[in-house]
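Novice: Take the sequence shown: its position 30, counting from 1, is numbered 64 in the working numbering, and each next residue is one higher.
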Amino acid sequence: MPSSRSCICGLPVTRSQAGSDATHISARIAGDDTSVVGQLAQLGRLAQQGLITPEEFAAAKAKLLGT
Numbered sequence: 035m036p037s038s039r040s041c042i043c044g045l046p047v048t049r050s051q052a053g054s055d056a057t058h059i060s061a062r063i064a065g066d067d068t069s070v071v072g073q074l075a076q077l078g079r080l081a082q083q084g085l086i087t088p089e090e091f092a093a094a095k096a097k098l099l100g101t
């Protein structure tokens with residue numbers, strides 16, 4: 035089965051690279067847009083594209099919001 039591809043910070047990312055660790059996801063996003071709003075928008079795009087699970091989205095969002 036081919037991997038889904040997307041771009042974060044101009045770098046190609048496959049589903050397996052996205053991983054399940056919220057810290058990893060947040061670190062990859064932070065390089066492009068340091069605003070919380072921008073990072074949340076990028077997380078939303080990753081979730082819509084199916085590159086991260088709803089659980090990964092929720093964990094990364096909570097980390098960004100400090101909750």
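Glycine included, every Cβ here is placed at the ideal spot set by N, Cα and C.
1. Measuring only the C-alpha atoms, how far is A75 from T87?
2. Does Q73 pass the burial test, meaning 16 or more other C-beta atoms within 10 Å, or should it be called exposed?
3. Give the DSSP-derived three-state secondary structure of Q76 in the structure shown.
4. Excluding the 5 residues flanking M35 on each side, which residues of the same chain have their C-beta closer than 6 Å to its C-beta?
5. Taking DSSP as the reference, what is the three-state secondary structure of Q83?
Specialist: According to the data block:
1. Indexing the sequence shown from 1 puts residue 75 at position 41. Indexing the sequence shown from 1 puts residue 87 at position 53. C-alpha separation (whole angstroms): 15 Å.
2. Here the question's residue 73 lines up with position 39 in the sequence shown. With 16 or more other Cβ atoms within 10 Å, it is buried.
3. On the sequence shown, position 42 is the one that residue 76 refers to. Note: Q76 maps to helix in three-state DSSP.
4. As a first step, residue 35 is located in the sequence shown; it is residue number 1 there, counting from the start. With a pLDDT of only 43 at M35, under 50, the local geometry of the prediction cannot be trusted, and the value read off the model is given with reservation. Excluding residues within five positions, none has a Cβ falling inside 6 Å.
5. The count along the sequence shown starts at 1 and reaches residue 83 at position 49. Reduced to three states, the DSSP call for Q83 is coil.
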